[in-house]
Amino acid sequence: MKEQFLYEIKKLLKQRFRDSQEQRVLNSYDAMNRMILPDAVAEPVTEEEVASIIMLCAGFRVPVVPRGAGCGFSGGALPVRGGLVLNLSRMNDIVIDRDNLVAEAGPGAVTADVHKAAEAVNLFYPPDPASMAVSTIGGNIAENAGGPRAAKYGVTKEYVLALRVVLADGSIRTFGRPLRKDVAGYNLAPLFVGSEGTLGVITRVWLKLLPKPEAALSSILSFDTALSAARAISAIVAAGLNPSRLEIMDSFCIQSLKEAGHNIDGDPGAVLMVEVDGDAVQLPGQLNRIREVAKKHGLLSFRQAGNEAENEKIWELRRSLSPIINSFGDTKMNEDVVVPRSGIPELFSFVEQLRKKSGLTIVCFGHAGDGNIHVNVMYNAATPDIEEKVETTLHQLFEKVVAMGGSISGEHGIGIAKQRFMRHQFSEAELALMRRIKQVFDPLNLLNPGKILPEPEKTE
Ligand SMILES: Cc1cc2nc3c(=O)[nH]c(=O)nc-3n(C[C@H](O)[C@H](O)[C@H](O)COP(=O)(O)OP(=O)(O)OC[C@H]3O[C@@H](n4cnc5c(N)ncnc54)[C@H](O)[C@@H]3O)c2cc1C
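Here it is, written out as structure tokens:
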């Protein structure tokens, strides 16, 4: 970083410009488990400060990487071309507009705090990524995060009414309005949802809220095999039963949870966690209909939560899964593929074939209710020739998923983790169009460079 840049940015941010080794390390990783040191870290508290920082970076050609909590799984917050990490966690205020069912927040607001603020006035913000105790709303929007409730309520994009964004030249622009209807002009707010900080820095958000459902009731259903459970999921969806959360864990997850001291009845091949919400009187009947459908698909046991605390315990168990399965190896390729919900049994059969063919441990769990399954290839990196085997297996997985009409990522984003698989899903012409959009918003390629899009092929 040039002397003049350092002088200007220190004058602007004072002690909120940080270049100590400690602060650089703290902002050098995300949940992808890779570390890349930024040259420095900026901690703005207003969007005017963000705009001034971006203007300075543009003037001195310094790459800028927006960062929320750094719990993304795809390396999105890693400064792969060096430069400045823009840590937005201090911009975390939340204002609830009770009359219009809207939450307005800074990008650094923690997701669970948005939930609490809405629930305090009997409203409801549905997106519930398992990381919600730490993840930020800015990070959720930039990744279009989902969670178990996406089965009924959809993902983050369904709740973004408007965004204020600092563009690559430092201008502050608003896209969308906090209204239920608005068709004026091109709808650009959704372009920023899932754009992983590559098109602009989100500095203010307006989110749609819903009335809080009166009650929720959860249950755990165990099955003889993962394939039976997968068939039950497709049957529950096809029967129009619309659970608010519907998650699957395979036998590897169950083994890990047991080893970690959790209590799971029997020795099932897979477990479904199912929640229904709405009118309290009707919930037991709804769960019973789900149970009846599951009985036709190898249901071994059914346990219903007795009270709210037990209900929450089931979902805490689910949220604890991702780190717990690390016992299967020192390295995890954590994929989050999506298939049409009727295709879940086919996906599970295919993963079983991959396990047999490759000899790899492949652990599956996730948001079965919306077709988004976390397929985790677990291994020890020191094993000879293992990386090549894993890579081949992943390519086979993505090829199959796309052939089924699915997607290579449902919620974790592309970042640097999945760039090399983008050609499974997009043609060169489609990728070229995306590059042109990036060029329009960020002509100097300074906003989170090196993410999402693979390098063009030589002929392009
Ligand atoms: C245990 C665990 C469980 C998880 N479970 C889920 C889950 O259920 N569902 C799910 O969807 N994800 C899940 N994730 C992934 C992760 O939590 C989400 O991707 C989350 O949205 C990341 O938020 P963050 O604030 O940590 O963003 P970061 O990791 O800091 O950043 C993610 C991306 O967003 C960009 N970004 C951040 N803030 C802004 C901003 N203000 N403006 C522009 N760009 C910005 C960054 O540049 C980066 O590209 C999980 C992660 C962990 C570790």
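If you're matching positions, the sequence shown starts at 20 in this note's numbering and goes up one per residue. Note that CB positions come from ideal geometry on N, CA and C, so glycine has one too.
Straight-line gap, residue i to residue j (C-alpha atoms, nearest Å)
i: N106; j: A254; result: 44 angstroms
i: A187; j: V84; result: 12 angstroms
i: M54; j: A401; result: 19 angstroms
i: S263; j: I309; result: 12 angstroms
i: P287; j: G102; result: 50 angstroms
i: I239; j: P197; result: 38 angstroms
i: G158; j: H414; result: 27 angstroms
i: L306; j: L260; result: 9 angstroms
i: D404; j: E354; result: 21 angstroms
i: D38; j: A235; result: 47 angstroms
i: A124; j: V459; result: 27 angstroms
i: R35; j: K29; result: 8 angstroms
i: P232; j: L180; result: 21 angstroms
i: D296; j: D243; result: 27 angstroms
i: A139; j: R86; result: 28 angstroms
i: L373; j: F194; result: 44 angstroms
i: L142; j: Y172; result: 14 angstroms
i: E479; j: P473; result: Summary for E479: the model assigns pLDDT 47, below 50, so the residue's position carries little reliability, and this model does not support an answer.
i: M20; j: D461; result: 20 angstroms
i: A152; j: A131; result: 5 angstroms
i: E27; j: L75; result: 8 angstroms
i: I456; j: M441; result: 17 angstroms
Environment of residue i [buried if 16+ CB atoms lie within 10 Å]
i: D349; result: exposed
i: G285; result: exposed
i: S154; result: buried
i: T411; result: exposed
i: S237; result: buried
i: A161; result: buried
i: V329; result: The amino acid at residue 329 is misidentified as Val; the sequence shows Glu. It is exposed - the Cβ of E329 has fewer than 16 other Cβ atoms within 10 Å.
i: N206; result: exposed
i: R337; result: buried
i: G280; result: exposed
i: R360; result: buried
i: V133; result: buried
i: N52; result: exposed
i: V300; result: exposed
i: G165; result: buried
i: D269; result: buried
i: N395; result: buried
i: G390; result: buried
DSSP three-state assignment for residue i, whether helix, strand or coil
i: I273; result: helix
i: V121; result: strand
i: Y48; result: strand
i: E365; result: helix
i: G297; result: strand
i: M110; result: coil
i: V459; result: helix
i: L260; result: coil
i: I471; result: coil
i: L142; result: strand
i: F24; result: helix
i: M453; result: helix
i: T244; result: coil
i: M151; result: coil
i: V174; result: coil
i: E476; result: coil
i: L466; result: strand
i: I283; result: coil
i: I267; result: strand
i: A289; result: strand
i: Q305; result: helix
i: I435; result: coil
i: F440; result: helix
Whole-number beta carbon distance between residue j and residue i, since they are thought to touch under 8 angstroms
i: R109; j: V69; result: Between V69 and R109 the Cβ distance is about 11 angstroms, and since that is not below 8 angstroms, they are no contact.
i: G325; j: S93; result: About 39 angstroms separates the two Cβ atoms, so there is no contact after all.
i: R454; j: P468; result: With a Cβ gap of about 12 angstroms, R454 and P468 do not count as contacting.
i: C90; j: D49; result: 6 angstroms
i: F367; j: F271; result: At roughly 13 angstroms, the Cβ-Cβ gap does not stay under 8 angstroms, so F367 and F271 are not in contact.
i: G219; j: F211; result: 6 angstroms
i: E177; j: I471; result: So it is not a contact: roughly 22 angstroms between Cβ atoms.
i: I343; j: L276; result: 6 angstroms
i: P126; j: I221; result: 5 angstroms
Check: residue i C-beta below 7 angstroms from any heavy atom of ligand 3
i: H431; result: In terms of ligand content, the structure shown lacks ligand 3 and carries ligand 1 instead.
*Mind pulling the beta strand (DSSP E) runs of 3 or more residues that sit fully within the segment 386-432?*
391-398
*Can you list the beta strand (DSSP E) stretches of 3 or more residues lying completely in the segment 182-241, in chain order?*
191-195 and 220-227
*Can you give, in chain order, each stretch of the beta strand (DSSP E) that sits fully within the segment 308-377 and has at least 3 residues?*
318-323 and 350-357
*Jot down the residue ranges of each uninterrupted beta strand (DSSP E) in the segment 29-100, minimum 3 residues, whole runs only, in chain order.*
59-61 and 83-86
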